Amino acid sequence: MRRVVQSVRWRLQIWHALILLAVITALCLLVHHVAQEERLRRVDRELRSFDRAMFRYLTSNQGPISPEVIRERLRNLKPEGSMPEVLKALFREGESGEPYCVAWDENGVEVFRSANAPDSLQPPGCSKDAYEFLRTENGRREWFRMMENNAGIAIGKELSRERDELARLTWKLVLCGGGLWSLGLIGGWWLAGRAIKPISVIAGTASRIANGNLAERIDIADTDNELGRLSQVLNETFDRLQSAIDRQKQFIADASHELRTPVSVILCETQRGLKREREPQEYKDILDTCHLASDRMRTLVESLLTLARQDGTSGSLEAEACDLTGITSESIGLLKPLAEAHSIHIESDLQPTRVEGDPRSLPLVVANLVSNAIHHQPSGGRVKVRVFSENGHAVLEVSDTGPGIAADHLPHLFDRFYRTDKARGSAGGHSGLGLAIVKAIVDRHHGTVSVQSAPGQGAVFTVSLPKAGC
Amino acid sequence: MRLLLIEDDPQLLRSLTMGLREENYAVDTAVDGTDGLAKASSAEYDCVILDGMLPGLDGWEVLERLRPDHKVPVLMLTARDGVPDRIRGLDAGADDYLTKPFDFDELLARLRALIRRTTGQTSCRIEAGDVVLDTAARTVTNAGEDIPLTAREYALVEYLMLRRGVVVSRSELYDHLFDEDDDTLSNLLDVHVSNVRKKLGHAFISTRRGHGYCIE
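Protein sequences appear in the order of chains A and B. First residue of the first sequence: 8, per this note's numbering; consecutive thereafter. First residue of the second sequence: 50, per this note's numbering; consecutive thereafter.
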């Protein structure tokens, strides 16, 4: 039952049923009221018409008419040939639904009472003024015309025929209203089903996607309504979700792939070493090899951790004003021994520039770009590092005189584990994550990083970051 | 037995080369696909160990180009462990597929199996009279007595035992027992044959003048 009440279709149906019932009931009551009023007006017209016929009959054929004459005629009122047919009904006893008449003199004494008049009909009481009124009492409609002297006449009619008609109308209204309500319920159920169907489709598709079928999408037949727009938004969300999961899977696969070779080296060396007794120098060589492989794994794991930290804290950068010039200068100082070992000359042109950023991660940007430039050019090359301001941004530019990069590699250069050489090429201890780390940090700082290069013309990496105070 | 190891990672290349040489294999090396394909096409190897991700031509491309004309057994040794990669490698002509990280002893066992298969042997034990060669334990016994052999002497006995009854030419022996780094002096083979005969009996290796050597 709880499940039924929670169902949107059932909720829609219940609301629809209640609203439809209220509308039909109100309509039936209105029709009933109008019909009742109409019948009452008809009875009133009938009573007035009777009154006029009575008055014409009482005042006809004679000269001057006085109240005494009328009273006398009322006393002697009999059904006769000259009497209008409508007045003859006054004398038919037990005829319900026919008009009746009762007249009183100034003393309240009855001067005429028609045969079908009810016994309970009495003069309404004393009054100083003449008055007329209509009343409905005990299922009768009665019209009173009273004089100042309290003489008067009452003309009434039983409402039984009208009551029967109204009862029949009520039944008709109940039946028609009930039928209409039933039809409305069936139509409402069908409409609710039609309205709910796209939601069921969306829910089914979303459920299958949640169960692992990431490639499936909601089939949007009509995009120009709320559900179409919802489906579109959900499909876009699923696209982003799938893309993120695919990236994650690829990243894990790449990381696992990169770790396999150093693990193989360690396994191979240790198994080889344990196969027989060896000279101390041989053991030392084996341990050296294992150490190099472990060091390679350490570099990779550290790079992965750095990337994971950048990914994990995306959107929550606690920026502070940093001296980009100082950061760059310090990073260059740390890399100078490496550059000297490779016989690379580092030039710097650093203008005072401050940026809004994380002082712990920005040195990684400089260090990765500069060490990248050192490692990717032959001995005797030059690396030039510039820091300057341009168009409200702080710019870090690292250029080298290396062999350059082919155009087909440029779009993928910042991808994780991407190497211009499709083989591992990790002999120099590169994890293939340096530029990916640079991009992750720059993205987190809402900056941009780009590269310009061509074979034989070196490479220029440009990082643009928002300036402090802008 | 002479192997060609095509591997671009210098650390792994060095470790594997040393390990295999210690197991009495002659090992040639190549650090990229192009060089590997050239060597595999031009020399007689008993088995090729081929990495998947290589500069130049990758492992699968090397196989596709090598296979139509060369029957040398190829063991793919790669970090790509997906089923589609294995299928692609085996369909391209690899005889075996091993993923990194691997167990060195397993690699050796697979190499022995591949080499055994090409010579029609089914067992690790090969007998010639009283002499029994165990390729798994890498031992030679004569009438139940262990015979200590040097690495090159063992390789000579193993090669001839695997081709028992077949006359093997001197040039073939040179091709399969010495790698590209060896200084193959013309009399080096005679020295090894002489030493084996001293240890296992003069009649163990018979000489067919003008043709080569044979173990009956």
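All residues carry an ideal CB built from backbone N, CA and C; glycine is no exception. The structure displayed is predicted, hence computed values, not measured ones.
Fill in: Buried or exposed (CB count within 10 angstroms, at least 16 for buried), A/LYS474
Against the first sequence, residue 474 of chain A aligns to sequence position 467. Per the 10 Å Cβ criterion, buried.
Worksheet item: With contact counted as at least three CB pairs below 8 Å, one residue from each stretch, are the stretch 255-266 of chain A and the stretch 135-146 of chain B in contact?
Response: no
Discussion item. Among A/PRO130, A/GLU354 and A/SER368, whose alpha-carbon lies nearest the alpha-carbon of A/ALA315?
Written reply: As a first step, residue 315 of chain A must be located in the first sequence, where it is residue number 308. Minimum Cα distance to A/ALA315 is reached at A/SER368.
Worksheet item: Just the Cα atoms here: how many angstroms apart are A/ILE162 and A/SER56?
Response: In the first sequence, the residue the question calls residue 162 of chain A occupies position 155. In the first sequence, the residue the question calls residue 56 of chain A occupies position 49. The alpha-carbon atoms of A/ILE162 and A/SER56 are separated by roughly 10 Å.
Worksheet item: For the candidate residues A/THR332, A/SER207 and A/GLY186, whose alpha-carbon lies nearest to that of A/ILE31?
Response: For the purposes of this step, residue 31 of chain A is taken as the residue at position 24 of the first sequence. When each option's Cα is compared against that of A/ILE31, the closest is A/GLY186.
Item to complete: Kindly examine the ligand FAD and report whether one of its heavy atoms sits closer than 6 Å to the Cβ of B/GLU155.
Response: Judged by which ligands are present, the structure shown has none, so any question about the ligand FAD falls away.
Fill in: CA nearest to the CA of A/ASN114, picked from A/GLY194, A/LEU281, A/ASN156 and A/LEU190
Within the first sequence, residue 114 of chain A is the residue found at index 107, counting from 1. The shortest C-alpha separation from A/ASN114 is found at A/ASN156.
Discussion item. So, at 7 Å on beta carbons, what are the nonlocal neighbours of A/GLU165 in its own chain, with the 5 sequence-adjacent residues on each side left out?
Written reply: Within the first sequence, numbered from 1, the residue matching residue 165 of chain A stands at position 158. Answer for A/GLU165: SER103, GLY104, GLY146 and ARG147, listed in chain order.
Practice prompt. Could you tell me the boundaries of the alpha helix (DSSP H) in which A/ALA217 lies?
Written response: Position 210 of the first sequence, counted from the start, is the residue given in the question as residue 217 of chain A. Per DSSP, A/ALA217 belongs to the alpha helix (DSSP H) from 167-217.
Worksheet entry | CA-to-CA distance, A/ALA199 to A/ARG16, given in whole angstroms | Residue numbering aside, residue 16 of chain A sits at position 9 when the first sequence is read from its first letter. Residue numbering aside, residue 199 of chain A sits at position 192 when the first sequence is read from its first letter. Distance between the alpha carbons of A/ARG16 and A/ALA199 is about 6 Å.
Practice prompt. Output the boundary residues of the beta strand (DSSP E) element that contains A/MET90.
Written response: Against the first sequence, residue 90 of chain A aligns to sequence position 83. Premise fails: A/MET90 is in no beta strand (DSSP E) and is neither H nor E.
Worksheet item: Using a Cβ-Cβ cut-off of 8 Å (strictly less than) and excluding sequence neighbours within five positions of A/GLY184, which residues of its own chain qualify?
Response: Reading the first sequence from its first residue, position 177 is the one you call residue 184 of chain A. Closer than 8 Å at the Cβ level, and outside the excluded window around A/GLY184, lie ILE31, THR32, LEU34 and CYS35.
Practice prompt. Output the boundary residues of the alpha helix (DSSP H) element that contains B/PRO59.
Written response: Sequence index remark: in the second sequence, residue 59 of chain B carries index 10 (1-based). That run of the alpha helix (DSSP H) goes 59-71.
Worksheet item: So, is A/LEU281 buried or exposed, given that buried needs 16 or more other C-beta atoms within 10 angstroms?
Response: By 1-based counting over the first sequence, the position of residue 281 of chain A is 274. Counting Cβ neighbours within 10 Å, A/LEU281 comes out exposed, since fewer than 16 surround it.
Worksheet item: How is the beta strand (DSSP E) around A/ARG142 delimited, first residue to last?
Response: Mapped onto the first sequence, residue 142 of chain A falls at position 135. Looking at the DSSP string, the run of the beta strand (DSSP E) that includes A/ARG142 is 138-144.
Worksheet item: How many Å lie between B/ARG159 and B/CYS96 at the Cα?
Response: The residue you call residue 159 of chain B lines up with position 110 of the second sequence. The residue you call residue 96 of chain B lines up with position 47 of the second sequence. Whole-angstrom Cα-Cα distance: 10 Å.
Discussion item. Please confirm whether B/LYS149 has its beta-carbon closer than 7 Å to some beta-carbon of chain A.
Written reply: Translated into positions along the second sequence, residue 149 of chain B becomes position 100. It does; some Cβ of chain A falls within 7 Å.
Worksheet item: Would the beta-carbon of B/TYR94 fall within 7 Å of that of B/MET125?
Response: Along the second sequence, read from residue 1 onward, the residue named residue 94 of chain B stands at position 45. Along the second sequence, read from residue 1 onward, the residue named residue 125 of chain B stands at position 76. Going by C-beta atoms, B/TYR94 is not nearer than 7 Å to B/MET125.
Discussion item. Taking the straight line between their C-alpha atoms, what separation do you get for B/SER90 and B/VAL111?
Written reply: Residue 90 of chain B sits at position 41 when you count from the first residue of the second sequence. Residue 111 of chain B sits at position 62 when you count from the first residue of the second sequence. For B/SER90 and B/VAL111, the distance between alpha carbons rounds to 10 Å.
Item to complete: Report yes or no: is there a C-beta of chain B within less than 7 Å of the C-beta of A/ALA210?
Response: Within the first sequence, numbered from 1, the residue matching residue 210 of chain A stands at position 203. So no, A/ALA210 is outside the interface.
Item to complete: Evaluate A/ASN379 with the Cβ neighbour count: other Cβ atoms within 10 Å of its Cβ, from every protein chain shown; 16 or more gives buried, anything less gives exposed.
Response: The residue you call residue 379 of chain A lines up with position 372 of the first sequence. A/ASN379 should be labelled buried.
Worksheet item: What residues are listed by DSSP as bridge partners for A/SER250?
Response: Taking the first residue of the first sequence as 1, we reach residue 250 of chain A at position 243. A/SER250 pairs with nothing; no bridge assigned.
Worksheet entry | Buried or exposed by the 16-neighbour rule on C-beta atoms within 10 Å, applied to B/LYS149 | Within the second sequence, the letter at position 100 stands for residue 149 of chain B. Classification of B/LYS149: buried, given that the 10 Å Cβ count is 16 or more.
Discussion item. On a Cα-Cα basis, can you pick out the residue from A/GLU117, A/TYR138, A/LYS135 and A/ASP136 that is closest to A/LEU128?
Written reply: Walking along the first sequence from the start, residue 128 of chain A turns up at place 121. Checking every option, the nearest Cα to that of A/LEU128 belongs to A/GLU117.
Discussion item. Is it the case that the stretch 290-302 of chain A contacts the stretch 325-344 of chain A, given that we only count it when at least three CB pairs across the two stretches are under 8 Å?
Written reply: no
Worksheet item: If you measure from the beta carbon of A/ARG267 to each beta carbon in chain B, is any gap under 7 Å?
Response: Mapped onto the first sequence, residue 267 of chain A falls at position 260. Chain B contact via Cβ: present.
Discussion item. Measuring only the C-alpha atoms, how far is B/THR167 from B/ARG161?
Written reply: Walking along the second sequence from the start, residue 167 of chain B turns up at place 118. Walking along the second sequence from the start, residue 161 of chain B turns up at place 112. Approximately 10 Å, taken between the alpha carbons.
Practice prompt. Return no unless some Cβ of chain B is closer than 7 Å to the Cβ of A/GLU325.
Written response: Locating residue 325 of chain A in the first sequence gives position 318, counting from the first residue. With 7 Å as the cut-off, A/GLU325 does not count as an interface residue toward chain B.
Worksheet item: Grouping DSSP H, G and I as helix and E and B as strand, with all else coil, what is A/ILE160?
Response: For this step, residue 160 of chain A is matched to residue 153 along the first sequence. Looking at A/ILE160 - three-state DSSP - the assignment turns out to be strand.
Worksheet entry | Cβ neighbours of A/ALA482 in the same chain (closer than 6 Å, five flanking residues each side left out) | Residue 482 of chain A lies beyond the stretch modelled for chain A, which goes from 8 to 477, so this question has no answer here.
Worksheet entry | Among A/PRO74, A/ARG247, A/ARG18 and A/TYR290, nearest to A/MET153 - alpha-carbon criterion | Indexing the first sequence from 1 puts residue 153 of chain A at position 146. Nearest C-alpha to A/MET153: A/PRO74.
Discussion item. For B/ASP228, report the span of its alpha helix (DSSP H) as first-last.
Written reply: Here residue 228 of chain B refers to the residue found at position 179 of the second sequence. Careful: B/ASP228 lies outside any alpha helix (DSSP H) and carries neither H nor E.
Worksheet item: If the cut is a Cβ gap below 8 Å, which residues of chain A does B/PHE153 touch?
Response: Along the second sequence, one-based indexing puts residue 153 of chain B at 104. Within chain A, the residues near B/PHE153 are LEU274, CYS275, GLN278 and ARG279.
Practice prompt. Check the Cβ-Cβ distances between A/ALA430 and every residue of chain B, and say whether any is below 7 Å.
Written response: If you number the first sequence from 1, residue 430 of chain A lands on position 423. Summary for A/ALA430: the model assigns pLDDT 45, below 50, so the residue's position carries little reliability, and this model does not support an answer.
Worksheet item: Under a CB-based cut-off of 7 Å, is A/ALA434 close to chain B?
Response: Counting from 1 along the first sequence, the entry for residue 434 of chain A is found at position 427. Residue placement at A/ALA434 is flagged as unreliable, the pLDDT there being 46, under the threshold of 50; a coordinate-derived value is accordingly withheld.
Worksheet entry | Whole-Å CB distance - A/GLU265 paired with A/PHE424, under 8 Å assumed | Taking the first residue of the first sequence as 1, we reach residue 265 of chain A at position 258. Taking the first residue of the first sequence as 1, we reach residue 424 of chain A at position 417. Indeed, because the Cβ distance is near 7 Å, the residues count as touching under 8 Å.
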